[in-house]
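In our numbering, the protein residues as written are 5 to 324. Each residue gets a CB set at the ideal place from its N, CA and C atoms; glycine is no exception. Being a predicted model, the structure only gives us computed values, none of them experimental. Everything below concerns the one structure shown next.
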């Protein structure tokens, strides 16, 4: 990041997705910029950040490159505390941004340097504009790698029949694996991108669990009028967990107390060498279903299903 910033005429830089979900201190940043970010976050400077307040609407309106003079005047910089007390302390009074729309998300490469180096000139902005396609390809690749990590981690939970939901730091659901998807409409719902429960008490408990980002030690019980409750546990996604799942926030693990866990079909087939029909039969047996039920599902005679079940028992070394 330091080399990239230097190549674009800056002394430091940072990539930011601008969606409110990212842990600012874990964003890709040069060391100097990260030191400033630590104080920006720890000392609560966000409310005085004119760059974000004025720059984000302009970037969302289509401005590809912004420099400090687009956002503030020299008089504002001379009397605004964030410039005097924070940016000057780190030699970052001058700013430029390369704005990079990726899918439906707006990323920004923020670049900074000291007042003694002067504001970023228009010819420097033109150089940033030429670098923009390469920066965008870099972010597209990094985003896909991160998303793949999250999908892979959720798929691993699916293999052991665990319903899982990733909730980002802003409270919106980021990913839902198939076992959790099957529970939507059966005690949990997605409304305006947020996970909700049907009754008021359960919903309040769920919201508190998510807001605490997994900090609560007790699981939440989601009451359902027509069946046994769901149990929701929360695991904070920080540090290594955030890297594994490709996101920071909270991982919700959901247990349906009325269901018997059934291993994934592909997992059963690979573990025991089952055929397609044998795998399906094994799943139905795990649910506690009888031969007549399995025969109806497979549209086979009961005698044929008994032979399939016999083969399943042999391959899994199960007597009954």
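query                                                                                                                                                                      : result
How about residue 20 and residue 67: do their beta carbons lie closer than 8 Å?                                                                                            : no
Can you give the Cα-Cα distance for residue 146 and residue 8, rounded to whole angstroms?                                                                                 : 16 Å
Do we get a CB-CB distance below 8 Å when we pair residue 19 with the residues of chain D?                                                                                 : Here chain D cannot be found, since the structure has a single protein chain.
Which residues in the same chain as residue 315 place their Cβ atom closer than 7 Å to its Cβ, once the five residues preceding and following it in sequence are excluded? : 282
At the level of alpha carbons, what is the spacing between residue 12 and residue 131?                                                                                     : 7 Å
Compute the Euclidean distance between the alpha carbons of residue 77 and residue 87, then round it to the nearest angstrom.                                              : 12 Å
Identify the residues that DSSP records as bridge partners of residue 101: which are they?                                                                                 : 70, 114
Whole angstroms is fine: what's the gap from residue 109's alpha carbon to residue 240's?                                                                                  : 24 Å
Could you pull out every residue in the same chain whose Cβ sits closer than 6 Å to the Cβ of residue 15, ignoring the five residues on either side in sequence?           : 117
Bridge partners of residue 168, per DSSP?                                                                                                                                  : 257
What's the gap between the Cα of residue 249 and the Cα of residue 310?                                                                                                    : No answer about residue 249 holds up, because its pLDDT of 49 lies below 50 and its placement is not dependable.
State buried or exposed for residue 204, treating a residue as buried only when at least 16 other CB atoms are found within 10 Å of its CB.                                : exposed
Would DSSP call residue 23 helix, strand or coil?                                                                                                                          : coil
What whole-angstrom Cβ distance do residue 235 and residue 261 have, given they're in contact under 8 Å?                                                                   : 6 Å
Relative to the C-alpha of residue 209, which candidate in 177, 224, 22, 258 has its C-alpha closest?                                                                      : 224
Is there contact here, the region 57-74 with the region 24-37, by at least three beta-carbon pairs under 8 Å?                                                              : no
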